[in-house]
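Chemist:
Numbering (our numbering), first residue to last: 1 to 330.
(1) Give every residue of the same chain whose Cβ lies closer than 6 Å to the Cβ of residue 108, excluding the five residues on either side of it in the sequence, and list them in chain order.
(2) Over the uninterrupted alpha helix (DSSP H) stretch that includes residue 174, give me the two end residues.
(3) Could you give the C-beta distance for residue 350 and residue 1, rounded to a whole number, given that I count them as a contact under 8 Å?
(4) Can you name the residues that DSSP bridges to residue 111?
(5) Is it buried or exposed, residue 16, if we count other Cβ atoms within 10 angstroms and call 16 or more buried?
(6) Please report the straight-line C-alpha distance between residue 321 and residue 111, rounded to a whole angstrom.
(7) Please classify residue 103: is it buried, with 16 or more other beta-carbons within 10 angstroms of its beta-carbon, or exposed?
(8) When the distance is taken between beta carbons, is residue 326 closer than 7 Å to residue 286?
(9) With DSSP as the reference, label residue 139 as helix, strand or coil.
(10) Could you name the residues of the same chain whose beta carbon sits closer than 6 Å to that of residue 139, not counting the 5 residues immediately before and after it, in chain order?
(11) Can the beta-carbon of residue 65 be found closer than 7 Å to that of residue 40?
(12) Since residue 42 is in the beta strand (DSSP E), which residue starts that stretch and which ends it?
(13) By a C-beta neighbour count over all protein chains shown, 10 Å radius and 16 as the cutoff for buried, is residue 52 buried or exposed?
(14) Pick helix, strand or coil for residue 324, following the three-state DSSP scheme.
(15) Would you give the residue range spanned by the alpha helix (DSSP H) that residue 149 belongs to?
(16) Can you list the alpha helix (DSSP H) stretches of 4 or more residues lying completely in the region 291–317, in chain order?
(17) Assuming residue 10 and residue 42 make a contact with CB atoms under 8 Å, what is their CB distance in whole Å?
(18) Taking Cβ positions, are residue 19 and residue 55 nearer each other than 7 Å?
(19) Going by Cα to Cα distance, which pick from 128, 200 and 191 is closest to residue 175?
(20) For residue 253 and residue 229, what's the separation of their Cα atoms in angstroms?
(21) What would DSSP say about residue 81, mapped onto helix, strand or coil?
(22) What does the alpha-carbon distance come out to for the pair residue 27 and residue 106?
(23) Using 7 Å as the threshold, is the C-beta distance between residue 116 and residue 146 below it?
(24) Give the C-beta separation of residue 85 and residue 131 to the nearest angstrom, bearing in mind that I take them to be a contact with Cβ-Cβ under 8 Å.
(25) Here's the rule I'm using: 16 or more other beta-carbon atoms within 10 Å means buried, otherwise exposed. How should residue 34 be labelled?
(26) Taking three-plus beta-carbon pairs below 8 Å as touching, is the region 239–256 in contact with the region 286–304?
(27) Excluding sequence positions up to five away, which residues of its chain have a Cβ less than 7 Å from the Cβ of residue 211?
(28) Over what stretch of residues does the alpha helix (DSSP H) that includes residue 36 continue unbroken?
(29) Less than 7 Å separating the beta-carbons of residue 170 and residue 82?
(30) Starting from residue 263, trace the alpha helix (DSSP H) in both directions and tell me its first and last residue.
(31) Beta-carbon separation of residue 318 and residue 288 under 7 Å?
(32) Residue 63 bridges to which residues according to DSSP?
(33) If I measure Cβ to Cβ from residue 6 and keep anything under 8 Å in the same chain, skipping five residues before and after, which residues do I get?
(34) In angstroms with no decimal places, state the Cα-to-Cα distance between residue 61 and residue 4.
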């Protein structure tokens with residue numbers, strides 16, 4: 001199979017990659033870092049990785065004028081696509097918004113296609129794209145698994161299809177896995193095995209979210225205005241997790257009722273408000289103990305626990321080990 005993309009009017013392709021249609025475990029890993037400078041380009045760089053039926057692309061782009069991106073796929077592929085929009089400091093018209101706002105994802109089966117899409121100026125686009133040959137996808141997820149049975153039926157019939165009827169919100173857990181992939185410092189075969197394991201983890205998070213949404217799609221719809229308030233809620237928790245506001249107070253601070261706050265936060269960020277506070281505290285405590293060489297008591301006080309025993313209990317529940325054991329495991 002072959003995948004390629006270019007900016008309309010540019011002579012060179014952004015990328016053109018030939019991948020085997022079969023799963024090839026013995027293939028070598030290939031990586032590229034590319035940056036393009038043109039008059040119309042404010043920022044355009046991307047990282048790509050390929051290995052035997054797997055193609056991964058992480059790109060960031062911003063333009064001074066409207067441009068059109070051309071994309072072609074030859075052969076059968078399964079793609080996992082994540083799109084993030086970041087508007088410039090002054091108001092601009094973003095692409096047609098979906099109900100989840102600016103971060104979205106989906107899994108698609110594409111049996112050869114050509115398409116193009118317009119890129120709006122002064123908007124920063126960040127893409128994380130995984131392209132798998134059909135056989136590579138079935139290597140990762142058994143074709144007989146019930147979790148994607150309808151999707152597999154469409155694949156076997158050669159029909160273009162999306163696993164979710166509409167794009168879904170990117171959760172914090174998905175962002176974490178994407179960061180793990182992009183920031184991996186391993187090389188050679190170790191990086192290849194690590195990347196494949198993380199791709200599978202990411203697919204599982206997507207499939208899990210899609211299964212939940214297929215049971216009750218309306219339950220997780222988030223209006224754009226409410227989404228802005230959820231962003232505010234997260235920012236407040238990021239700042240004040242040591243002494244976080246109660247759900248009632250947080251609800252008042254962002255002008256969103258408690259039900260929508262709790263339901264929307266869980267749907268969009270993949271965890272409850274309390275769960276998010278716990279994550280921030282545990283990650284901060286681990287960093288303090290591991291890198292700043294603080295005692296368990298000092299870390300407990302720094303993240304808002306009155307007693308060391310409370311941190312010890314919460315840390316053991318979160319990480320599965322005691323705070324005093326963390327140096328032995330990292």
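Glycine residues also receive a C-beta, built at the ideal position from the N, C-alpha and C atoms.
Modeler: On the basis of the supplied data:
(1) In the chain shown, the residue the question calls residue 108 occupies position 108. Excluding residues within five positions, the ones whose Cβ falls inside 6 Å are 79 and 162.
(2) For the purposes of this step, residue 174 is taken as residue 174 along the chain shown, with counting starting at 1. Start and end: 172–182.
(3) In the structure as shown, the chain starts at 1 and stops at 330, and residue 350 therefore has no counterpart that could be examined.
(4) By 1-based counting over the chain shown, the position of residue 111 is 111. In DSSP, residue 111 forms a bridge with 76.
(5) Numbered from 1 along the chain shown, position 16 holds the residue referred to as residue 16. So residue 16 counts as exposed.
(6) To locate residue 321, count along the chain shown from 1; it is residue 321. To locate residue 111, count along the chain shown from 1; it is residue 111. Going from the Cα of residue 321 to the Cα of residue 111 covers about 47 Å.
(7) The residue you call residue 103 lines up with position 103 of the chain shown. Burial call: buried.
(8) For this step, residue 286 is matched to residue 286 along the chain shown. For this step, residue 326 is matched to residue 326 along the chain shown. Contact: yes.
(9) For the purposes of this step, residue 139 is taken as the residue at position 139 of the chain shown. Residue 139 falls in the helix class under three-state DSSP.
(10) Position 139 of the chain shown, counted from the start, is the residue given in the question as residue 139. Once the five neighbours on either side are set aside, the close Cβ partners of residue 139 are 23.
(11) In the chain shown, residue 65 corresponds to position 65, counting from 1. In the chain shown, residue 40 corresponds to position 40, counting from 1. Cβ distance < 7 Å, so residue 65 and residue 40 count as in contact.
(12) In the chain shown, counting from the first residue as 1, residue 42 sits at position 42. First-last of the beta strand (DSSP E) with residue 42: 41–50.
(13) The residue labelled residue 52 in the question sits at position 52 within the chain shown. With 16 or more other Cβ atoms within 10 Å, it is buried.
(14) The count along the chain shown starts at 1 and reaches residue 324 at position 324. Note: residue 324 maps to helix in three-state DSSP.
(15) Within the chain shown, numbered from 1, the residue matching residue 149 stands at position 149. Here the alpha helix (DSSP H) through residue 149 covers 149–156.
(16) 296–302
(17) Locating residue 10 in the chain shown gives position 10, where the first residue counts as 1. Locating residue 42 in the chain shown gives position 42, where the first residue counts as 1. At roughly 15 Å, the Cβ-Cβ gap does not stay under 8 Å, so residue 10 and residue 42 are not in contact.
(18) Locating residue 19 in the chain shown gives position 19, where the first residue counts as 1. Locating residue 55 in the chain shown gives position 55, where the first residue counts as 1. Their beta carbons are under 7 Å apart, which means residue 19 touches residue 55 by this criterion.
(19) Here residue 175 is taken as the residue at index 175 of the chain shown, counted from 1. Of 128, 200 and 191, the residue nearest in Cα terms is 128.
(20) Residue mapping note: residue 253 aligns to position 253 of the chain shown, counting from 1. Residue mapping note: residue 229 aligns to position 229 of the chain shown, counting from 1. Between residue 253 and residue 229, the C-alpha separation is close to 9 Å.
(21) Residue numbering aside, residue 81 sits at position 81 when the chain shown is read from its first letter. Strand.
(22) Here the question's residue 27 lines up with position 27 in the chain shown. Here the question's residue 106 lines up with position 106 in the chain shown. Going from the Cα of residue 27 to the Cα of residue 106 covers about 27 Å.
(23) In the chain shown, residue 116 corresponds to position 116, counting from 1. In the chain shown, residue 146 corresponds to position 146, counting from 1. Cβ atoms of residue 116 and residue 146: not closer than 7 Å.
(24) Numbered from 1 along the chain shown, position 85 holds the residue referred to as residue 85. Numbered from 1 along the chain shown, position 131 holds the residue referred to as residue 131. So it is not a contact: roughly 21 Å between Cβ atoms.
(25) As a working note, residue 34 is residue 34 in the chain shown. Burial call: exposed.
(26) yes
(27) By one-based count along the chain shown, residue 211 stands at place 211. Excluding positions up to five away in sequence, the list reads 147.
(28) In the chain shown, counting from the first residue as 1, residue 36 sits at position 36. From DSSP, residue 36 is part of no alpha helix (DSSP H); its letter is neither H nor E.
(29) The residue given as residue 170 occupies position 170 in the chain shown. The residue given as residue 82 occupies position 82 in the chain shown. Contact: yes.
(30) Here the question's residue 263 lines up with position 263 in the chain shown. That run of the alpha helix (DSSP H) goes 258–269.
(31) In the chain shown, the residue the question calls residue 318 occupies position 318. In the chain shown, the residue the question calls residue 288 occupies position 288. It is not a contact, given that the beta carbons lie outside the stated cut-off.
(32) The residue you call residue 63 lines up with position 63 of the chain shown. Partner(s): 41.
(33) Locating residue 6 in the chain shown gives position 6, counting from the first residue. These residues qualify, in order along the chain: 12, 13, 14, 69 and 70.
(34) Within the chain shown, the letter at position 61 stands for residue 61. Within the chain shown, the letter at position 4 stands for residue 4. Cα-Cα distance, rounded: 17 Å.
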